[in-house]
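I have placed the structure first, in the form of structure tokens, so that the comments after it can refer back to it.
Protein chains: 2
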Amino acid sequence: MVNKKKLSQITPKEVRRLIRKGEWNRPTAGVAMGYAQANLVILPEKYAFDFLLFCQRNPKPCPLLEVLEPGKYRTDFLSSDADIRTDIPKYNVYQKGKLETTVKEIKGFWRDDFVSFLLGCSFSFEEALLRAQIPVRHIEENKNVPMYITHIPCKPAGAFHGPMVVSMRPLPPDKVVRATQITSRYGAVHGSPVHIGDPSKVGIKNLKKPDFGDAVTIRRGEILVFWACGVTPQAVVMEAKPDLCVTHTPGHMFVSDLLNEELATL
Amino acid sequence: MVNKKKLSQITPKEVRRLIRKGEWNRPTAGVAMGYAQANLVILPEKYAFDFLLFCQRNPKPCPLLEVLEPGKYRTDFLSSDADIRTDIPKYNVYQKGKLETTVKEIKGFWRDDFVSFLLGCSFSFEEALLRAQIPVRHIEENKNVPMYITHIPCKPAGAFHGPMVVSMRPLPPDKVVRATQITSRYGAVHGSPVHIGDPSKVGIKNLKKPDFGDAVTIRRGEILVFWACGVTPQAVVMEAKPDLCVTHTPGHMFVSDLLNEELATL
Chain H
1 MVNKKKLSQI
11 TPKEVRRLIR
21 KGEWNRPTAG
31 VAMGYAQANL
41 VILPEKYAFD
51 FLLFCQRNPK
61 PCPLLEVLEP
71 GKYRTDFLSS
81 DADIRTDIPK
91 YNVYQKGKLE
101 TTVKEIKGFW
111 RDDFVSFLLG
121 CSFSFEEALL
131 RAQIPVRHIE
141 ENKNVPMYIT
151 HIPCKPAGAF
161 HGPMVVSMRP
171 LPPDKVVRAT
181 QITSRYGAVH
191 GSPVHIGDPS
201 KVGIKNLKKP
211 DFGDAVTIRR
221 GEILVFWACG
231 VTPQAVVMEA
241 KPDLCVTHTP
251 GHMFVSDLLN
261 EELATL
Chain S
1001 MVNKKKLSQI
1011 TPKEVRRLIR
1021 KGEWNRPTAG
1031 VAMGYAQANL
1041 VILPEKYAFD
1051 FLLFCQRNPK
1061 PCPLLEVLEP
1071 GKYRTDFLSS
1081 DADIRTDIPK
1091 YNVYQKGKLE
1101 TTVKEIKGFW
1111 RDDFVSFLLG
1121 CSFSFEEALL
1131 RAQIPVRHIE
1141 ENKNVPMYIT
1151 HIPCKPAGAF
1161 HGPMVVSMRP
1171 LPPDKVVRAT
1181 QITSRYGAVH
1191 GSPVHIGDPS
1201 KVGIKNLKKP
1211 DFGDAVTIRR
1221 GEILVFWACG
1231 VTPQAVVMEA
1241 KPDLCVTHTP
1251 GHMFVSDLLN
1261 EELATL
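From first to last, the protein sequence lines are chains H and S.
Counting from 1, one number per residue, gives the positions in the first sequence under the numbering used here.
Counting from 1001, one number per residue, gives the positions in the second sequence under the numbering used here.
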């Protein structure tokens, strides 16, 4: 297995080659720093219009980076040489919303009616926050970001509906405006916060018990900032119980050739 | 027929009521100032995924404001009481890409497999430019904006492909940066320019002969600024020759309840 420190500096193309050869099957956080990573959702064509519509209606939790036509497994926009059947370290295969198996490649599962959706990931905006000297607590504490199911409803589309899941980062009060400005530039990776302050206002009851990820330290006087989270589309898809669905295994993302900076606006 | 000056000040709801009753069938420029207007494209469901994908891949020429599920003719986001079969002053009905008829309402044409796409319109950002004292030449000259077919290719999706159509506004050099900043805030209505300067760089040969709209005066020293144009999706749809397609008649837009300012970011 390749050394992780080295992986932070090699190119996305080389990272994907290592993954394809089976030489990297761990999470991709910190890998090929500076390049955007993406969540993957693969659905049979009969669900594709509704899911695309769901993403159009809910761009903050579901920021689409690229959608491939039915049967297509090579990206055009995120990379010119990737094969999404082999270039992700681990895949989850779900049947009727239930996790059936976790696999290293999905060539054997591939179908001509599969539509692949690649969605932006908060790694991109966290890098921008860190560059601006804004502390990111779960990174400091070497944990997963805490994620909570809110009572903010997503706009439904066909079979897809459900509450928005958010990630939370506690910030010193003098960093909240700057963090809002910075993440606002990254609409393609969840964008600006959806809520700042009192968690109960969005239906979060217990900060110490996140629905996904790990609880983090909240220091006296810090302000809680909540962003829409990429777990939302996965939760929504599982709830809709499609016959078959393939996703990346959480944390094991697609590493694209797109620089985070290329995703920024203004 | 209602007086146009009065229409600039009444609410979108009242405008739509007048249109529905047949008391307004002229262009909607200047109507219900401050509110976003939208382009309409209706396609049978079998084309809907590809067209939605085309819009996702080409957000500057095809900025989606709302997409309705198959058969649905009431909007949720742009208005709570509109019927898109009756609330637009004039509709074009195309068969296999050929204009067959222009009608005042489409209840008689309606089908359960119709999917309606509402797309942002440059009226929204022009209002923002005017508020910032940036001159908009075709408005000064009481003309249609000049539009040109470029050699910039749209990213294709399924049956839909073609070149980007742009609109052009000549600006004094000291207004170009500000105009770029202002329109960058309006990603939902074409957003930032796609080109600034020499028209030949994007394949425009003769400024005096726009492909759509009217030529405008270009004063000595002015810089030409080009924005992606909503004619692009219409041209692309016509080129794909779907069995049936309904659009608004150019200039006769859907008047929404959404304030232009609600579309702005940062």
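The beta carbon of each residue, even a glycine, is placed where N, CA and C say it ideally should be.
*Where the alpha helix (DSSP H) containing H138(H) begins and where it ends*: R137 to E140
_I want to verify the contact list: residues of chain S whose CB lies under 9 Å from the CB of L64(H), in sequence order._
Q1056
*asked:* Looking at the strands, I want to know which residues DSSP matches up with I1196(S).
replied: V1225(S)
*Stretch pair the stretch 1115 to 1135 of chain S + the stretch 1193 to 1204 of chain S: three plus CB contacts closer than 8 Å*: no
*Look at the alpha carbon of I1218(S) and the alpha carbon of P1146(S), and state the distance between them as a whole number of angstroms.*
12 Å
*Given that T265(H) touches chain S, what residues does it touch there, using C-beta distances under 9 Å?*
S1184, G1187, G1191, S1192, T1265 and L1266
*Boundaries (first-last residue) of the beta strand (DSSP E) holding S184(H)*: Looking at the DSSP string, S184(H) is not in any beta strand (DSSP E); the run it does join, the alpha helix (DSSP H), is V176 to S184.
*Within the 7 Å Cβ cut-off, does L1052(S) reach chain H?*
yes
*Return yes when the Cβ of P59(H) is within less than 7 Å of the Cβ of A32(H), no when it is not.*
no
*State the CB to CB distance for the pair F1109(S) and L1064(S), rounded to an integer number of angstroms; the pair is presumed to be in contact (CB under 8 Å).*
About 23 Å separates the two Cβ atoms, so there is no contact after all.
*Note the first and the last residue of the continuous alpha helix (DSSP H) segment covering E1023(S).*
No alpha helix (DSSP H) contains E1023(S), which DSSP labels as neither H nor E.
*Going by the CB atoms, is the gap between C229(H) and S184(H) shorter than 7 Å?*
no
*Out of H248(H), T28(H), L53(H) and D112(H), point me to the one whose CA is closest to Y94(H)'s CA.*
H248(H)
*Spell out whether any CB of chain S is found under 7 Å from the CB atom of F49(H).*
yes
_Bounding residues of the beta strand (DSSP E) (the contiguous stretch that carries M147(H))_ = M147 to P153
*Under 7 Å from the C-beta of G1158(S): neighbouring residues of chain H*: E69
*Quick one: what's K205(H) bridged to in DSSP?*
K205(H) is not bridged to any residue.
*So, using beta-carbon positions, are R1169(S) and V1136(S) closer together than 7 Å?*
yes
_Exposed unless 16 or more other CB atoms sit within 10 angstroms - verdict on L259(H)_ = exposed
*What number of angstroms, rounded off, separates the C-alpha of R16(H) from the C-alpha of A36(H)?*
13 Å
*In terms of residue numbering, what span does the alpha helix (DSSP H) encompassing Q1234(S) cover?*
V1231 to A1240
*So, helix, strand or coil for K1098(S), using DSSP?*
strand
*Note the first and the last residue of the continuous alpha helix (DSSP H) segment covering E1069(S).*
Neither: E1069(S) is in no alpha helix (DSSP H) and is coded neither H nor E.
*In terms of alpha-carbon separation, which member of R1178(S), T1086(S) and K1209(S) lies closest to K1107(S)?*
T1086(S)
*For A1215(S) versus D1050(S), is the C-beta spacing smaller than 7 Å?*
no
*At what residues does the alpha helix (DSSP H) containing C1055(S) begin and finish?*
A1048 to R1057
_Please tell me whether L40(H) and V115(H) are closer than 7 Å, where the distance is taken between their beta carbons._
no
*Counting only the same chain and skipping the five closest in sequence on each side, list residues whose C-beta sits under 6 Å from that of P1173(S).*
I1223
_Contact between the stretch 76 to 92 of chain H and the stretch 1065 to 1079 of chain S is defined here as three or more beta-carbon pairs at a separation below 8 Å; is this criterion met?_
no
*For the beta strand (DSSP E) that contains F1254(S), what are its first and last residues?*
F1254 to L1259
*From the DSSP output, read off the bridge partner residues of H248(H).*
Y91(H)
*Could you tell me if V1177(S) is buried or exposed, where buried requires 16 or more neighbouring beta carbons within 10 angstroms of its beta carbon?*
exposed
*Buried or exposed (CB count within 10 angstroms, at least 16 for buried), S200(H)*: exposed
_If you reduce the DSSP assignment to three classes, tell me which class L1007(S) lands in._
helix
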